[in-house]
Amino acid sequence: MPQRPYIVGNWKMNGTRAQLPEARAIDRGAARHPGVRVGIAPPFTLISAMVEAVQELTVGGQDCHTQTAGAFTGDVSAAMVKDAGAGFVIVGHSERRAMHAESDAAVRAKAEAALDAGLEVIICVGESEAQRDAGDAEMVVGAQLEASLPRGDGLVPRLTVAYEPVWAIGTGRVAAPSEVAAMHAVLRAKLIAIYGDEGANVRILYGGSVNASNAAELLATPEVGGALVGGASLTAESFLAIVAAAGPAAD
Ligand code: PEP
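In this note's numbering, each residue carries its 1-based index in the sequence shown increased by 5.
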C-alpha cells in the first residue's frame, strides 16, 4: 500500500511560545487532510509546549547528540528529545553539516542514537552548488547517504531520508523535477542495496525552497514521498498550502 505523503516543517532557530497559535492553526488545518502526515520540528525549547498544544502533528527535534548523557555543554541527547515528547529527530541537515562540521560518521552515530532512544529519524543529504556544477551531485549524495545511514534489521519503518540540495535551501531556487527524480532514483537504489527489498519502503522527502506554487509538481515527481520545508513552514497559511498540495481535504 502506498504510504501517506509526509510534509515536515523545520522551524530552524525560529519560534517562541508566541508562535504556538500558529502551530495550533497548522494542527487544525492538518487534521483536514487525513491522507497527509504532517510534522513540525521546532527549536528544542518549544518541543514540549508544542506537543501539549497540538493533536494531529508529529513534533520533532532538529538535532541530537551521539551520546546518551554526559559532559557535553549545550547539547541535547536523543533521549532528552524523546522525553520532551518528540516523535522524530532530523539529523545531518546541511546547516549542521556546514556550521558544526558534522561528518557523515557523526550523522550516522546521531541517527543510531535517535533510533536507540525510540525516535523516528529523518536523515538529510544534499550536494553543494559547486558539486552539482562539476557533475558530481549523484556521486556525492549517494556516498553521503551510504555513510550516513544506520545499519541493522527492523530500522526501515522509523527511517526517512531527505534530499536537500544545499543551493536550494532558503534561496528560492528549487531543483527541477527532473533533477529531483534522477537523485531520488539514485537514493532509492542505494536504500535497496543496503536494506534489501525493505529499502523500497523508506520515504524520500525533497527539501529546498518548497512553497505553495511548486509543491504539487515536486510531490508528483517519482520517488518523492513528501517534503521537508523550512521558510514556508513558519506560517499556517504557507505551510497548509503545501499540505493541501500533498493530499485533498476530507470535507
Ligand atoms: C530546510 O532548511 O530544510 C529547507 C528546506 O529550507 P527552505 O524550505 O527554506 O529552503
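Note that the Cβ used here is the ideal one computed from N, Cα and C, for glycine as well. Note that the structure is a prediction, hence the values are computed from the model and not measured.
- Straight across, the Cα-Cα distance linking Ala111 with Val94 is about 14 Å.
- Between Gly75 and Asp68, the alpha-carbon positions lie close to 17 Å from each other.
- For Gly212, the enclosing beta strand (DSSP E) begins and ends at 208-212.
- Take His189, set aside five residues on each side of it, and the residues of its chain with a beta-carbon closer than 8 Å to its own are Tyr168, Ile209, Tyr211, Thr226, Pro227, Glu228, Val229, in chain order.
- Its chain contains Ala152, Ser153, Leu154, Pro155 as the residues whose beta carbon lies nearer than 8 Å to that of Arg113, once the 5 sequence neighbours on both sides are disregarded; these appear in chain order.
- Here Ala251 is near Ile12, since their CB atoms are less than 8 Å apart.
- A residue is called buried when at least 16 other Cβ atoms come within 10 angstroms of its Cβ; Pro26 does not meet this threshold and is exposed.
- For the 8 Å CB-CB criterion, Gly65 and Gly44 form a contact.
- Take the alpha-carbon of Asp141 and the one of Lys115: they are about 26 Å apart.
- In this structure, Pro182 and Glu132 do not form a Cβ contact; the two beta carbons are roughly 17 Å apart against a cut-off of 8 Å.
- Burial is judged here by how many other beta carbons sit within 10 angstroms of a residue's own beta carbon; Glu242 has fewer than 16 and is exposed.
- Residue pairing for Thr21: DSSP places it in no beta bridge.
- Cα atoms of Asp138 and Val59: separation of roughly 42 Å, rounded to the nearest angstrom.
- By the beta-carbon neighbour count (other beta carbons within 10 angstroms, threshold 16), Arg22 is exposed.
- Not one heavy atom of ligand 1 is found less than 7 Å from the C-beta of Ala181.
- Approximately 5 Å separates the beta-carbon atoms of Val234 and Val215; this is inside 8 Å, confirming the contact.
- Annotation for Ala250: the continuous alpha helix (DSSP H) segment containing it runs 241-251.
- Within the chosen limit of 7 Å, ligand 1 does not reach the beta carbon of His105 with any heavy atom.
- When distances are taken from the beta-carbon of Ile197 to the heavy atoms of ligand 1, even the shortest one reaches 7 Å or more.
- Between the C-alpha atoms of His98 and Ala254 there is a straight-line separation of about 30 Å.
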